[in-house]
Amino acid sequence: MIEYVTTDDFDVRVLMNDRPTIVEFCADWCPYCAAIEPTVDELAEKYKDEIDTFRVNVDTDGVLRAEYKVEYIPDVLFFKDGQQVDECMGNDHKQFLPGKIEKMLGRA
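In my numbering, each residue carries its 1-based index in the sequence shown increased by 1067.
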């Protein structure tokens, strides 16, 4: 199960992380978030030895939502070496997420 991060631990778990990291911004009520969840879970398992994956609940953590200018959910942000390096918004996750992960890992 993918863990949630909050403003309190985001810097340590994401920005100071030695491993590439993806963060899905989502909400419990969002049907598009529910649709992307199995894909993100599957990719987190597939790449568990190479990347870390977290979720942010935008309803309970508006600070992170505002800081990263998340206007639409689901929104998946990619971090490497403490910097956001890519983003995948909306419902095209199945098509684009695997390629963006491979790119972040330097294989595409």
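From the three backbone atoms N, C-alpha and C, an ideal C-beta is built for every residue, glycine too. Small disclaimer: the values here were computed from a predicted structure and weren't measured.
Sixteen is the threshold: since fewer than 16 other Cβ atoms of the shown chains lie within 10 Å of the Cβ of Leu1082, the residue is exposed.
The straight-line gap separating the alpha-carbon atoms of Arg1122 and Lys1136 is approximately 15 Å. Annotation: Cys1100 to Asp1153 spans about 19 Å, alpha carbon to alpha carbon. Assigned with DSSP and collapsed to three states, Asp1108 falls in helix.
Counting only the Cα atoms, Ala1133 lies some 22 Å from Val1107. Spatial neighbours of Thr1120 in its own chain (CB-CB distance under 6 Å, excluding positions within 5 residues in sequence) are listed in chain order as Ile1069, Ile1089 and Ala1111. Taking the Cβ atoms as the reference, Arg1080 lies roughly 13 Å from Ile1118, outside the contact range of under 8 Å. In the DSSP assignment, Arg1122 falls within the unbroken beta strand (DSSP E) covering Asp1119 to Asn1124. The three-state reading of DSSP puts Val1072 in coil, since its state is none of H, G, I, E or B. Boundaries for Leu1172: no alpha helix (DSSP H) harbours it, and the DSSP string shows neither H nor E there.
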